[in-house]
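Everything on this sheet refers to the single structure shown next.
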Amino acid sequence: MVTGGAGFIGSSFSREVKKPVIFDLLTYAGRLENLIGVDHIFVKGDIRNYSQLEDTVKKYDIKIIVNFSAETHVDRSINNAHIFLDTNVYGVVNLLEICRRYDTRLVQISTDEVYGEQENATEDFPLRPSSPYSASKASADMFILAYVRTYGVDAIIIRPSNNYGPRQHIEKLIPKTIVRTLLGLEIPIYGKGDQERDWIYVEDTAKVIAQLVETGKKGEIYNVPGGQRTTNIKLVEMIGELMGREPKIKFVKDRPGHDKKYSMVSTKLSYKVTPLKEGLSKTIKWYLENEWWWRPLLNDEYFLRETSW
Ligand code: NAD
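The UniProt record's numbering puts the first residue of the sequence shown at 1, with every later residue one more than the last.
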């Protein structure tokens with residue numbers, strides 16, 4: 001069962017597995033359109049609702065849950081942390097309770113943001129989250145490790161770095177830059193744009209996760225860095241170059257608590273990643289060819305606003 005399978009990474013992962021049961025609430029971030037071409041069973045449900053989860057796990061005799069469902073936008077978490085606590089923590093505890101009772105395996109998709117600004121973080125680094133979003137993801141990771149130890153639940157934690165690629169909501173930096181550039185709009189850049197992020201193409205992440213679903217060892221944490229670090233400003237300039245258009249950059253007030261960098265390494269895995277320029281070209285091409293997909297999102301307040309604070 002793929003929870004959050006109608007979102008950005010979850011829908012890419014769902015293309016890597018055979019006929020998944022997709023359990024998704026279809027919030028503003030989840031769309032059935034993301035599953036066009038995927039042979040799947042769809043269940044509209046909420047991970048905050050234990051009985052909906054239980055009914056689905058029993059009905060389809062689910063043995064593995066891969067959890068992508070979450071509130072994922074840091075800016076939104078700064079304005080309203082409560083739903084991040086509900087979905088990202090309480091929802092994960094519900095999943096853990098299911099796994100405990102039904103002997104189901106849990107594969108949790110966490111994030112490099114749980115390490116905060118630490119340099120070259122390995123899987124055993126302390127968690128130092130800075131935003132309400134990353135604090136909620138770090139809390140979920142702690143609950144998972146506690147359930148592994150206390151109840152012997154079979155769970156693993158995967159921490160990918162920043163993902164980019166087709167079907168990412170236009171509230172996020174890369175699609176926002178592509179779409180705003182296409183429309184001739186300004187691109188708001190927080191602070192000086194010197195924050196460093198490590199980018200990985202979504203299909204690469206999906207493949208690594210698919211492998212780990214089979215091979216990941218109970219209680220283990222796996223970092224999945226892209227190994228391609230760049231500053232936000234350089235990234236936006238690179239997108240402009242690849243699009244053959246000058247992006248209209250507008251520097252705006254920095255995000256409160258903004259992490260200067262994310263930097264982690266993997267000590268456990270080796271895999272191939274798409275070079276950043278190649279992945280960005282594919283992503284731009286996808287947004288150019290799929291205006292029908294992003295046009296309905298143009299009124300989203302986090303696409304429209306320069307800052308949210
Ligand atoms: P997304 O925002 O695109 O999708 C989230 C999905 O979860 C949506 O389909 C939404 O409908 C669903 N959802 C939300 N609340 C739900 C609930 N209560 N019950 C059931 N479904 C619910 O997210 P994404 O960018 O694909 O991220 C997926 C996961 O990967 C998240 O857990 C995120 O923390 C993690 N992650 C994302 C990135 C990234 O760069 N996008 C990087 C590292 C980790």
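Positions of the beta carbon are idealized from the N, C-alpha and C atoms, including for glycine.
Ordered along the chain, which non-local residues of its own chain (more than five positions away) have a Cβ less than 7 Å from that of residue i?
i	result
arginine 76	Tyr302
tyrosine 151	Arg100
alanine 6	Ile22, Asp24, Leu26, Gly30, Arg31, Leu32, Asn34, Leu35
glutamate 171	His73, Asp300, Tyr302, Phe303
glycine 128	Note on residue identity: the sequence assigns arginine, not glycine, to residue 128. Excluding residues within five positions, the ones whose Cβ falls inside 7 Å are Tyr115, Gly116, Gln118.
residue 357	As displayed, the chain neither begins before 1 nor continues past 309, which places residue 357 out of reach and without an answer.
Quickly, what does DSSP pair residue i with across the bridge? List them, please.
i	result
arginine 159	Asn223
asparagine 67	Thr3, Gln108
asparagine 164	Before going on, a small fix: residue 164 reads as tyrosine here, not asparagine. Paired residues: Tyr201.
valine 21	Ile41
lysine 285	Lysine 285 is not bridged to any residue.
alanine 121	Met264
arginine 229	Asp198
Whose CA, out of the options, lies closest to the CA of residue i?
i	options	result
arginine 105	Glu196, His40, Leu35, Val2	Val2
valine 148	Gly91, Ile62, Pro126, Lys217	Lys217
arginine 31	Trp294, Trp309, Ser308	Trp294
asparagine 290	Pro175, Gly184, Gly191	Pro175
lysine 250	Asn232, His258, Ser51, Thr267	Asn232
tyrosine 133	Tyr271, Val74, Ile209, Arg48	Val74
phenylalanine 68	Gln108, Ser281, Thr177, Ser266	Gln108
isoleucine 64	Ile221, Asp124, Lys18	Lys18
glutamine 52	Asn94, Leu85, His40	Asn94
threonine 56	Asp86, Asn80, Ile98, Val38	Ile98
arginine 305	Val43, Thr215, Ser266, Ile189	Ile189
Near residue i, what residues of its chain come up, given a Cβ to Cβ distance below 6 Å and the 5 sequence neighbours on each side ignored?
i	result
proline 247	Thr181, Ile187, Val236, Gly240
arginine 229	Glu196, Asp198
residue 313	Outside the shown range of the chain, which is 1 to 309, sits residue 313, and nothing can be said about it.
serine 139	Val89
serine 161	Asp112, Asp198, Ile200, Pro225, Gly226
glutamine 168	Phe8, Pro175
Going by DSSP, what residue range makes up the alpha helix (DSSP H) through residue i?
i	result
isoleucine 239	232-243
phenylalanine 303	301-304
arginine 101	91-102
residue 359	Nothing can be reported for residue 359, as the shown portion of the chain is limited to 1 through 309.
isoleucine 9	8-13
tyrosine 50	50-59
May I ask which residues mark the beginning and end of the beta strand (DSSP E) holding residue i?
i	result
lysine 250	248-252
arginine 197	196-201
residue 338	Nothing can be reported for residue 338: it is not among the residues displayed for the chain, which extend from 1 to 309.
proline 188	186-190
glutamine 108	105-109
lysine 176	Taken as a continuous stretch (DSSP letters only), lysine 176 belongs to no beta strand (DSSP E), being part of the alpha helix (DSSP H) at 173-182.
residue 332	Because the chain here runs from 1 to 309, residue 332 falls outside it and cannot be looked at.
aspartate 112	It is not in any beta strand (DSSP E) - aspartate 112 carries neither H nor E in the DSSP assignment.
Which same chain residues end up closer than 8 Å to residue i when comparing Cβ atoms and leaving out the 5 residues on each side of it in sequence?
i	result
aspartate 194	Thr231, Asn232, Ile233, Lys260
glutamate 16	Ala206, Lys207, Ile209, Ala210
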